[in-house]
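Chains as they are written, first to last, in my numbering: chain Z, 33 to 143; chain U, 42 to 386.
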């Protein structure tokens, strides 16, 4: 799963969101690191819809336009949980190895 | 509809029509919201004079490349075009890499670093580079080799960066030399630059959805290419005058023509679906070689043997056209037989 796809699914966890809502939430969740452009957002979103991880929730009128809201499907929630677990397991391995190599003298490493 | 929306919708026309039917209005709504700063005066100004930022334009171009030059799960026509552009880009980068690698070996030989080979004739002696620009020119070209390896190994962005490294120093050198009158104005370097820039852009077809490049086959093509093209060419040029009239556009025409003849001869033994991407790729390469040859022909008019060079150039262009046109017709017919979208299957 790519990083933008991971953050888009995470953004949809708590509530359905529209296109720009997803862009804003992804920027906030990633602390500004992942700044999705509109072309990039829809390039990921169309595949998530095609794979059944995200679906259309509703359409709402806003300033004379229709806003489409998207929600996470059960399959999307499961895919996100699996990916989060995989990343957490990787992080645990790295942290444990870093801990082992840390010298008793703070700030220095063994070997 | 304000001007900003018009401009964004115009940009979205790069995307295929069926994709636009599904996503365009939603993309426009999201884009206009992203441009809204909350200040009425700024919003009114942006509505009239605003344009999509370069990063937005790039994201739409990347999406269009992914959709139009499709990967494994794309509709058949989009997949055929995607494969064709990827094959053409790989082949063109391979030719650059082959010539650059052979260039390293030939430079080492001319510099006397290959004592086990016969010494080069005095007229082939290396002229030491007179300036930083000339050194940059010589070294930059070698970047095609790692660019090709990166492309085959699936590192598309690294390949594009390395290719730009190979292209830009010669372009700057040319601009300086032509501006200062050191060399006469000529179209050849600019046409080659244009085609190389198109090649760098074409590398965008190696996106996430594209199949991985068969590594063994394409990496193996590098030594085979060196043995088949630059080594015999250099050996003939070093021993006789016969091929000294063959320039880079001429060599491109000759290589593409030979490849097309081999492809057409072996076409009957391939499945039609397997032959189509190569037919399209060779058509694209033939169009590029023809454009290069045609645009660079007038440059020969300043040279000493201009009538012979012009005749040879015209023959090369005719040869590419003679083999490329029938191939293009066959490829387009085969393409039309494919359904445009997966829904039509």
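Yeah, the Cβ is synthetic: ideal placement off N, Cα and C, and Gly gets one too.
By the criterion of at least three beta-carbon pairs nearer than 8 angstroms, the segment 103 to 118 of chain U is not in contact with the segment 228 to 238 of chain U.
The C-beta distance from residue 290 (chain U) to residue 195 (chain U) rounds to 31 angstroms, too long to fall under 8 angstroms, and the pair is not in contact. Contact between residue 360 (chain U) and residue 125 (chain U) does not hold, since the beta-carbon distance rounds to 22 angstroms and is not under 8 angstroms. At least one CB atom of chain Z sits nearer than 9 angstroms to the CB of residue 96 (chain U).
In the three-state DSSP reduction, residue 59 (chain U) falls in the helix class (H, G or I). What residue 97 (chain Z) touches in chain U, judged by beta-carbon distance under 7 angstroms, is 70, going in chain order. The closest CA to that of residue 300 (chain U), considering only U:199, U:270, U:60, is found on U:270. In this structure, residue 59 (chain U) lies away from residue 98 (chain Z), with their beta-carbon atoms at least 9 angstroms apart.
Taking a Cβ-Cβ threshold of 8 angstroms, the residues of chain Z close to residue 66 (chain U) are 97, 98, in chain order. The count of Cβ pairs closer than 8 angstroms, one atom from the segment 107 to 115 of chain Z and one from the segment 75 to 94 of chain Z, reaches three, so the stretches are in contact. Counting of Cβ neighbours within 10 angstroms places residue 76 (chain U) among the buried residues, the total reaching 16 or more. Taking 9 angstroms as the threshold, the shortest C-beta distance from residue 75 (chain Z) to chain U falls below it. Against chain U, the beta carbon of residue 89 (chain Z) has no neighbour under 7 angstroms; the closest one sits roughly 13 angstroms away. For the beta strand (DSSP E) assignment, the segment 47 to 75 of chain Z encloses no uninterrupted run of at least 3 residues. Identification of residues in the segment 78 to 109 of chain U having a C-beta nearer than 9 angstroms to some C-beta of chain Z yields 93, 94, 96, 97, 98, 99, 100, 101, 102, 103, 104, 105, 107, 108, given in sequence order. Residue nearest to residue 93 (chain U) within the set Z:63, Z:95, Z:70 is Z:70 (criterion: CA-CA distance). The beta carbon of residue 78 (chain Z) sits closer than 9 angstroms to some beta carbon of chain U. Distance from the CA of residue 140 (chain U) to the CA of residue 187 (chain U), rounded to the nearest whole angstrom, comes to 13 angstroms. At a Cβ-Cβ threshold of 9 angstroms, residue 333 (chain U) and residue 293 (chain U) count as neighbours. Contacts with chain Z (Cβ-Cβ distance below 8 angstroms) from the segment 242 to 269 of chain U involve 249, listed in chain order. Within chain Z, the C-beta atoms nearer than 7 angstroms to that of residue 74 (chain U) come from 52, in chain order. Looking at the backbone, the Cα of residue 62 (chain U) and that of residue 124 (chain Z) are separated by about 45 angstroms. Of all C-beta pairs linking the segment 335 to 345 of chain U to the segment 213 to 233 of chain U, three or more are shorter than 8 angstroms, placing the two stretches in contact.
Within chain U, 100, 103, 104 have C-beta atoms less than 8 angstroms from the C-beta of residue 72 (chain Z), given in sequence order. Residue 55 (chain Z) has a beta carbon lying within less than 9 angstroms of a beta carbon in chain U.
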